[in-house]
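One structure below.
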Amino acid sequence: MSGRIQQPKCVDIPSNLTLCQGIGYETMRLPNLLDHDSLKEVTQQAGSWVPLTRIACHPDTKVFLCSLFSPVCLDSLDRLIYPCRSLCQNVRASCESRMTIHGFEWPAMLECEKFPLDNDMCIMPIHDIKPDNNCTACKHPQTHEALIDHFCRSDVAMRVTLKDRRVLGTDLELVLRKRRKLYKFENMEKKEAKNLPVVIAGGTACTCETINDTQGKYLLMGNKRNGKIVINFGMAWKRKDKEFRKGLRAIRKGDC
């Protein structure tokens with residue numbers, strides 16, 4: 001998989017390699033498994049992947065990427081430990097569609113067929129994703145990358161004031177005060193965006209920790225479906241939160 005000439009060596013993971021901080025080891029192999037032969041090149045190339053880890057498309061994204069950008073350095077430098085193919089496939093299956101929305105393709109250097117089938121000599125998936133009782137619309141991380149990601153995937157984005165919640169079939173309707181501040185509305189008229197009922201799909205059978213107060217201001221995003229706005233993102237309006245403000249600035253600019 002590699003045609004290196006430079007002799008491998010162990011180096012400390014630099015503090016500006018943001019992608020791979022807190023990964024459980026402090027030294028990495030150089031050149032890495034992507035043939036980057038200087039720390040400057042590693043940090044530059046790895047930086048573009050940080051936003052993907054912050055939208056939490058898969059819990060093993062960081063493990064997979066850092067196994068390549070900053071592979072653990074062993075005493076026996078001739079031993080290369082690659083990610084298992086299943087680790088790559090799991091991350092790709094969860095994250096590729098999110099990348100596509102923002103105009104990025106899964107790169108050839110990360111083609112999963114390049115990596116070995118599962119065995120004791122490669123890095124296996126760590127997280128076995130299991131269902132929980134948290135509503136899909138309420139599972140997102142509260143980072144500015146997550147705000148932008150959901151904004152780009154939504155028909156509507158708005159600031160609202162929540163009055164109450166009530167059962168609407170199997171859904172949970174969010175009863176809003178009349179005024180809705182719209183940041184985006186597509187595939188619908190402005191009047192619809194301001195008046196259609198807003199629901200958490202299947203909300204009567206799941207919990208939503210990000211919309212847990214009966215009253216207050218919220219940022220909601222979602223898509224029109226069967227005469228309703230089904231939200232895919234909801235969080236309390238947090239003007240003092242740095243991540244929230246950063247995401248909101250991008251939303252106001254319409255950045256995708």
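First residue of the sequence shown: 1, per full-length UniProt numbering; consecutive thereafter.
Note that the Cβ used here is the ideal one computed from N, Cα and C, for glycine as well.
If you're wondering where the values come from, they're calculated on a predicted model, not measured in any experiment.
Query                                                                                                               : Result
Extent of the continuous beta strand (DSSP E) run through residue 234                                               : 228–236
Distance CB(residue 138)-CB(residue 87) smaller than 9 Å                                                            : no
Any alpha helix (DSSP H) of 4 or more consecutive residues that is wholly inside the UniProt domain "NTR" (135–256) : 144–153, 190–195, 242–253
DSSP three-state assignment for residue 121, whether helix, strand or coil                                          : coil
For residue 196 and residue 227, believed in contact at Cβ under 8 Å, the rounded distance                          : 7 Å
Delimiting residues of the alpha helix (DSSP H) encompassing residue 29                                             : Segment 27–30 is the beta strand (DSSP E) holding residue 29; no alpha helix (DSSP H) there.
Range covered by the beta strand (DSSP E) that runs through residue 10                                              : 9–12
Residues near residue 159 by beta carbon distance below 7 Å, same chain, minus five either side                     : 181, 217, 219, 237
Simplified DSSP state of residue 71, which is helix, strand or coil                                                 : coil
Cα-Cα separation, residue 57 to residue 64                                                                          : 13 Å
9 Å Cβ cutoff met for residue 42 and residue 61                                                                     : no
Euclidean distance between Cα positions of residue 98 and residue 149                                               : 7 Å
First through last residue of the alpha helix (DSSP H) which encompasses residue 51                                 : 50–54
Buried or exposed by the 16-neighbour rule on C-beta atoms within 10 Å, applied to residue 18                       : exposed
Candidates 185, 165, 161: closest to residue 179 by CA position                                                     : 161
For residue 94 and residue 70, the rounded distance between their alpha carbons                                     : 22 Å
Buried or exposed by the 16-neighbour rule on C-beta atoms within 10 Å, applied to residue 53                       : buried
Nearest-angstrom beta carbon gap, residue 172 and residue 200 [assumed within contact, 8 Å]                         : 5 Å
Length of the line joining the Cα atoms of residue 51 and residue 168                                               : 36 Å
Rounded C-alpha distance that separates residue 209 from residue 115                                                : 38 Å
Under 9 Å between C-beta atoms of residue 235 and residue 144                                                       : no
One or two residues paired with residue 83 in a DSSP bridge                                                         : 123
Top-ranked residue by Cα proximity to residue 119, from 81, 106, 109                                                : 81
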